[in-house]
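The opening position of the sequence shown corresponds to residue 12 in the numbering used here, with each subsequent residue numbered one higher.
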Amino acid sequence: MSDLPKRFITGFILALIGIFAVLYIPSPLFKAGIAIISAVAVWEATRLLDKKYSGLEPVLTAVTGFFASLSVLFLTPFLSILIIFLYSFYVAHKYYRIEYLTSLTFSLVYGSFFVSSIGLLHEIDKNLLFVLFATIWSEDIFAYLIGKSFGKHKLAPTLSPKKTWEGAIGGFLGAIVIGGFTAYSLKIYDAYIPIFISAVLGQIGDLFESFIKRQVGEKDSSNLIPGHGGILDRIDALIFGSVVFLIFYQLRC
């Protein structure tokens with residue numbers, strides 16, 4: 012099977028699983044599931060950086076990421092920060108190099124905090140996740156279709172050679188329209204601001220992960236998802252958007 016049909020089928024299945032989980036899984040179990048996804052994201056980020064700084068211990072770091080995520084989701088983010096700093100220092104002091112400390116701290120914050128925002132958003136209002144999904148998924152689809160059909164001007168050739176300004180603009184407009192329509196349908200009329208910001212930062216989230224991969228010469232964060240690469244490849248834009256939604260609605264509470 013070629014990459015495009017495989018990507019479509021896998022993406023469709025993942026979308027169905029995500030929608031089912033949001034609708035039917037109780038918030039505590041949903042958050043526990045997000046902690047597991049956080050651990051995988053931490054493993055992928057650490058695995059990438061381990062190619063440049065050997066000895067980062069991706070599996071042990073992923074376990075630490077799981078507990079750091081649980082701390083964010085169920086207790087307090089301050090405990091999570093303490094866990095991250097202590098663990099990063101524990102590993103880094105053996106090599107006595109600042110690169111190990113910063114790499115581990117980054118991987119854990121990126122995976123634990125950013126991914127955990129999805130669980131916290133579910134706790135506030137699960138319908139917000141449907142608006143978020145509609146915004147980011149439609150942006151991804153429209154960016155691909157417009158970029159494939161009309162893309163001529165490279166957006167960031169060093170980070171992602173296939174992305175174009177035409178695709179980025181098409182993705183942004185698609186996200187605004189579909190995300191806005193979803194928010195209107197669900198009567199979440201104050202979501203237009205985070206939708207707009209997420210339509211921008213979602214694409215930056217994609218480039219952000221591409222920056223990490225290019226630094227270590229990798230195309231994908233892992234090969235866990237057929238046709239898509241890894242967890243981070245699938246949710247890099249989503250987690251940036253989720254953080255935007257979370258900040259907006261926490262400030263409104």
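For glycine and all other residues, C-beta sits at the position ideal for the given N, C-alpha and C.
Measuring alpha carbon to alpha carbon, tell me which of the options ends up nearest residue i.
| i | options | result |
| --- | --- | --- |
| L184 | S171, I208, K173 and K163 | I208 |
| P37 | L143, D136 and F96 | D136 |
| F259 | S65, L93, A50 and P205 | P205 |
| F141 | E220, G182 and V33 | V33 |
| A179 | L170, T169, L197 and D151 | D151 |
| G216 | A73, Y107, K165 and L170 | L170 |
| L139 | T72, L40 and K198 | K198 |
| Y98 | V70, T87 and G213 | V70 |
| R225 | T75, T21, P168 and A73 | P168 |
Below 8 Å CB to CB, which residues in the same chain sit around residue i once its five sequence neighbours on both sides are set aside?
| i | result |
| --- | --- |
| Y203 | G191 and A194 |
| S56 | According to the sequence shown, residue 56 is Ala rather than Ser. So the list reads F117, S118, Y121, G122, I223, S232 and L243, once near-sequence residues are dropped. |
| R263 | D201 |
CB-CB under 7 Å to residue i, same chain, minus the five flanking residues each way: which ones, in chain order?
| i | result |
| --- | --- |
| L81 | A46 |
| F124 | V83 |
| S128 | I250, S253, V254 and L257 |
| W176 | H164 and L166 |
Which stretch, first to last residue, makes up the alpha helix (DSSP H) that contains residue i?
| i | result |
| --- | --- |
| L42 | Correcting the residue type first, residue 42 is Lys in the shown sequence and not Leu. S38 to D61 is the span of the alpha helix (DSSP H), which, as asked, contains K42. |
| L67 | Looking at the DSSP string, L67 is not in any alpha helix (DSSP H), and its letter there is neither H nor E. |
| A202 | Segment: none, A202 is in no alpha helix (DSSP H) and carries neither H nor E. |
| K159 | K137 to F161 |
Hey, quick one: how far does the beta strand (DSSP E) through residue i stretch, first residue to last?
| i | result |
| --- | --- |
| P172 | S171 to T175 |
| L93 | Here L93 belongs to no beta strand (DSSP E); instead the alpha helix (DSSP H) covers P88 to A103. |
Does the Cβ-Cβ distance between residue i and residue j come in under 9 Å?
| i | j | result |
| --- | --- | --- |
| I187 | G252 | no |
| A79 | S91 | yes |
| L235 | V51 | yes |
| K42 | E134 | yes |
| L115 | A103 | yes |
Cα separation between residue i and residue j?
| i | j | result |
| --- | --- | --- |
| A26 | K105 | 42 Å |
| A154 | K173 | 11 Å |
| F219 | D247 | 8 Å |
| I30 | G182 | 22 Å |
| I24 | P237 | 11 Å |
| V254 | V211 | 13 Å |
| D61 | I157 | 36 Å |
| R108 | Y35 | 46 Å |
| T87 | G162 | 45 Å |
| I8 | G44 | Because the chain in this structure spans residues 12 to 264, residue 8 falls outside the shown range and cannot be described. |
| G130 | F85 | 10 Å |
| F89 | K159 | 44 Å |
Taking CB distances under 9 Å as the criterion, tell me whether residue i reaches chain B.
| i | result |
| --- | --- |
| I24 | Among the protein chains of the structure shown there is no chain B, as only one such chain exists. |
Are there any heavy atoms of the ligand HEM lying less than 8 Å away from the beta-carbon of residue i, as far as the coordinates show?
| i | result |
| --- | --- |
| I189 | The ligand HEM is not among the ligands present in this structure, which contains no ligands whatsoever. |
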